[in-house]
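A.B. asks:
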Amino acid sequence: MTESAGNKNEDRHAANGVKPGRNGMVKNHRQYQKQEKVYHAACNGELYSRPFIESFEETPMLLAVLTYMSYGILTIFGYLRDFMREWKIEKCHIAREREEQKDFVPLYQDFENFYTRNIYMRIRDSWNRPICSAPGATFDLVECSSNDYNWTFEYTGRVVKDVINLGSYNYLGFAENTGACATAAGEVTVKFGVGVASTRQEMGNLDRHEELEKLAASFLGVESAMVFGMGFATNSMNIPALVGKGCLILSDELNHASLVLGARLSGSTIRVFKHNNMQSLEKLLRDAIVHGQPRTHRPWKKILILVEGIFSMEGSIIRLPEVIALKKKYKAYLYLDEAHSIGALGLNGRGVVEYFGLDPKDVDVMMGTFTKSFSAAGGYIGGRKDLIDYMRTHSHSAIYATTMSLPVVEQIITSMKCIMGKDGTTIGLSRIQRLAENTVYFRRRLQEMGFIIYGNNDSPVVPMMLYMPAKLGAFGREMLKRNIGVVVVGFPATPIIESRARFCISAAHTKEMLDRALDVISEVGDLLQLKYSQHKVLPSLDRPFDETTYEENEE
């Protein structure tokens with residue numbers, strides 16, 4: 003296992019001509035001679051105050067070939083079924099224009115829907131499952147069935163009870179219908195009602211909103227903060243207020259859709275750097291400074307770096323110390339999306355900035371959502387007071403969007419005070435610690451079983467690689483048969499050969515729940531032959547959480 007903090011061997015490896023691996027990180031060739039791209043260390047270890055350990059094991063060649071073949075076979079059968087639908091041999095469920103509209107501009111692009119019709123529909127039952135309880139550590143699921151190959155669903159009338167929830171972003175376990183948060187939200191609902199029916203600039207600014215913003219600023223360690231009613235819109239509607247024509251946005255290739263949309267709406271020039279790759283980012287920064295804007299070569303008005311704290315599909319953590327160092331070196335601005343990292347990282351849950359022991363002032367725009375660790379809705383932007391004052395008058399979300407609902411505000415205030423210890427208890431701190439312990443334990447056990455796991459050791463987002471499209475649906479169904487609810491993700495949300503199951507760990511999970519889930523995952527993994535890892539992890543009962551021993555798997 004390689005570490006970035008205090009690893010003096012890294013410079014020696016680089017000096018000896020060892021090429022950086024994925025994400026610009028140096029591979030530890032002393033431990034792994036056969037399989038590359040497994041565990042990586044940071045190139046700039048002196049910037050880190052703690053170990054930074056991530057795993058991205060190479061896709062086995064045979065698996066890659068078989069996965070491409072699987073999609074090829076599905077494509078052939080898809081064209082065959084389209085032919086049968088065209089000749090009325092098979093019933094057609096897809097939306098299409100009426101005959102009298104055939105000369106109009108088409109509303110539905112037939113070829114663009116090919117994947118949805120012929121591949122997604124085969125495994126559609128793995129998604130859109132309705133639940134009928136609080137999405138806590140367990141939930142109740144409404145059973146559905148389909149008689150037309152997943153085009154439509156019918157309720158069977160049966161409720162599947164006590165399904166272990168490994169899919170919700172309930173990192174700190176506040177998604178509950180009992181306790182302080184639920185009680186406070188209920189009292190506020192009775193007093194204020196549910197809706198505000200106005201924007202912040204008109205009649206929708208209440209004292210509870212002001213209190214929440216002051217509390218959020220204190221929690222983040224910034225001068226001021228502003229809250230919004232929708233997490234997605236916090237990015238998509240506010241980035242255009244910060245940059246525009248003549249500005250340059252440097253965006254990580256795996257950034258969330260809300261960041262991508264906000265960047266496109268801004269009208270700025272967008273350039274994408276390789277995921278978490280500091281060499282790629284620095285090259286773009288250097289070229290931007292040297293060459294300026296296209297054609298005119300004038301200097302860019304602003305250069306804005308867009309990154310996330312935890313990348314929700316990879317489970318990786320941004321290399322923030324290196325990003326800040328580059329931002330300072332080239333005089334750029336930094337926009338940090340902490341949707342998944344706020345509450346889930348750091349000793350006190352203050353996110354990736356606290357996780358690395360950095361100064362919040364080094365991040366120009368701190369963005370995050372209340373939908374994960376706080377189990378509510380909406381988002382926030384924090385930073386200098388002059389920045390937030392500017393956003394209050396220029397943000398589309400502030401000017402045109404309805405104000406955040408008061409019960410939601412109260413849920414956030416109560417959970418945030420709990421995390422900060424302002425409720426007079428240590429419940430929040432204990433949840434943060436339990437989440438960290440659960441995360442390391444769950445990741446370690448999966449690796450010991452032989453699964454390929456992506457991401458950082460401290461990330462509660464745990465992607466487990468499935469690869470083949472048929473195994474994507476089969477894994478979700480087999481897990482649900484055993485009362486485990488999981489999220490499976492495939493193309494186009496991931497690269498075509500990197501379909502995966504994405505587990506989200508919660509502080510609400512007990513060790514018994516995790517052990518039960520791990521036993522089921524191992525059982526289904528054996529059934530579907532999902533234990534692809536080329537490296538065998540040697541289990542040890544007495545080692546600390548952050549130590550793991552590896553040996554080569556010769557098979």
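Numbering (our numbering), first residue to last: 3 to 557. All residues carry an ideal CB built from backbone N, CA and C; glycine is no exception. Note that the coordinates shown come from a computational prediction; the quantities given were computed from them, not determined experimentally.
1. Can you have a look at D339 and say buried or exposed, based on whether 16 or more other CB atoms are within 10 angstroms of its CB?
2. Using the three-state DSSP reduction, which class does E284 fall into: helix, strand or coil?
3. Among residues of its own chain, excluding the 5 on either side of G381, which ones have a beta-carbon nearer than 6 angstroms to its beta-carbon?
4. According to DSSP, simplified to helix, strand and coil, what is I415?
5. Quick check: the Cα distance between R32 and G492, rounded to an integer number of angstroms?
6. Cα separation between A186 and A227?
7. Counting only the same chain and skipping the five closest in sequence on each side, list residues whose C-beta sits under 6 angstroms from that of I434.
8. Taking 8 angstroms as the cut-off, does the stretch 463-478 touch the stretch 134-146 (at least 3 CB pairs, one atom from each stretch)?
9. Check whether the Cβ atoms of F358 and L336 sit closer than 7 angstroms, and answer yes or no.
10. Where N459 and E255 are concerned, what is the direct C-alpha to C-alpha distance, given to the nearest angstrom?
11. What is the rounded straight-line gap between the Cα of S399 and the Cα of S238?
12. Would you kindly work out how many angstroms separate the C-alpha atoms of Q295 and L328, rounded to a whole number?
13. Could you give the distance in angstroms between the alpha-carbon of L143 and the alpha-carbon of I499?
14. Check this for me: beta carbons of F477 and V490, under 7 angstroms apart or not?
15. State the DSSP-derived secondary structure class of N216, mapped to helix, strand or coil.
16. Quick one: grab the DSSP three-state call for E145.
17. Give the DSSP bridge partners of R100, in chain order.
18. Does I455 come out as helix, strand or coil in the three-state DSSP assignment?
19. Below 6 angstroms, is the gap between the Cβ of F230 and the nearest heavy atom of the ligand SAM?
20. Buried or exposed: A519, going by 16 or more other Cβ atoms within 10 Å of its Cβ?
21. Could you check if Q531 is buried or exposed, using at least 16 other CB atoms within 10 Å of its CB as the buried criterion?
22. State yes or no: is the C-beta of L250 within less than 7 angstroms of the C-beta of I305?
23. For I121, which residues of its own chain have a beta-carbon under 6 angstroms away from its beta-carbon, when the five flanking residues on both sides are left out?
24. May I ask you to list the residues that DSSP assigns as paired with N167?
25. Kindly provide the ranges of any beta strand (DSSP E) runs that are 3 or more residues long and lie completely inside the stretch 223-298, ordered along the chain.
26. Please report the straight-line C-alpha distance between S343 and G353, rounded to a whole angstrom.
C.D. replies: In this structure, then:
1. buried
2. helix
3. Contacts found: F230, G233, T236 and T371.
4. helix
5. In this prediction, R32 scores a pLDDT of 32, lower than 50, which makes its location untrustworthy; no coordinate-derived value is stated.
6. Between the alpha carbons of A186 and A227 lies a gap of roughly 23 angstroms.
7. G351
8. no
9. no
10. Their Cα atoms are separated by approximately 21 angstroms.
11. 9 angstroms
12. 20 angstroms
13. Distance between the alpha carbons of L143 and I499: 30 angstroms.
14. yes
15. Sequence inspection shows Lys at residue 216; the Asn mentioned does not correspond to that position. Helix.
16. strand
17. For R100, which the question treats as bridged, DSSP gives no partner whatsoever.
18. strand
19. Within the structure as shown, the ligand SAM is missing, as the structure has no ligands at all.
20. buried
21. exposed
22. Going by C-beta atoms, L250 is nearer than 7 angstroms to I305.
23. Counting only Cβ-Cβ distances below 6 angstroms, and skipping sequence neighbours, we find L76.
24. G487
25. 226-230, 250-254 and 271-275
26. 5 angstroms
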